[in-house]
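*Asks:* For what it's worth, the working numbering labels the leading residue of the sequence shown as 94, then goes sequentially. Glycine included, every Cβ here is placed at the ideal spot set by N, Cα and C.
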Amino acid sequence: RDVDAIHLGTCIMKATQTAKCPIDVEDLKKKLETKFQKEVILGTHPYA
């Protein structure tokens, strides 16, 4: 089934900012956009 966009959850964003999670979200975003040709949105909600 086709999707409009890929969302990386706010929890991933917070983990990289506060818990020193080693995931490079900007690099991951680029890789996903290249592989799937879809927009990647970082974070699912701004209030978390």
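Please say whether G102 and T137 have beta carbons closer to each other than 8 angstroms?
*Replies:* Position 44 of the sequence shown, counting from 1, holds the residue named residue 137. Position 9 of the sequence shown, counting from 1, holds the residue named residue 102. In contact: T137 and G102 (Cβ atoms closer than 8 angstroms).
*Asks:* Below 8 angstroms CB to CB, which residues in the same chain sit around A98 once its five sequence neighbours on both sides are set aside?
*Replies:* The sequence position of residue 98 within the sequence shown is 5, counting from 1. Only K131, E132, V133 and I134 meet the Cβ criterion.
*Asks:* Which class does K116 belong to by DSSP, given the choice of helix, strand or coil?
*Replies:* Here residue 116 refers to the residue found at position 23 when the sequence shown is read from its first residue. Reading off the sequence shown, one finds Ile at residue 116, where the question assumed Lys. Three-state result, I116: coil.
*Asks:* Per DSSP, what are the beta-bridge partners of I105 in this structure?
*Replies:* In the sequence shown, counting from the first residue as 1, residue 105 sits at position 12. Paired residues: none, contrary to the question.
*Asks:* Taking only the alpha-carbon atoms, compute the straight-line gap between T111 and C104 and give it to the nearest angstrom.
*Replies:* Reading the sequence shown from its first residue, position 18 is the one you call residue 111. Reading the sequence shown from its first residue, position 11 is the one you call residue 104. Distance between the alpha carbons of T111 and C104 is about 10 angstroms.
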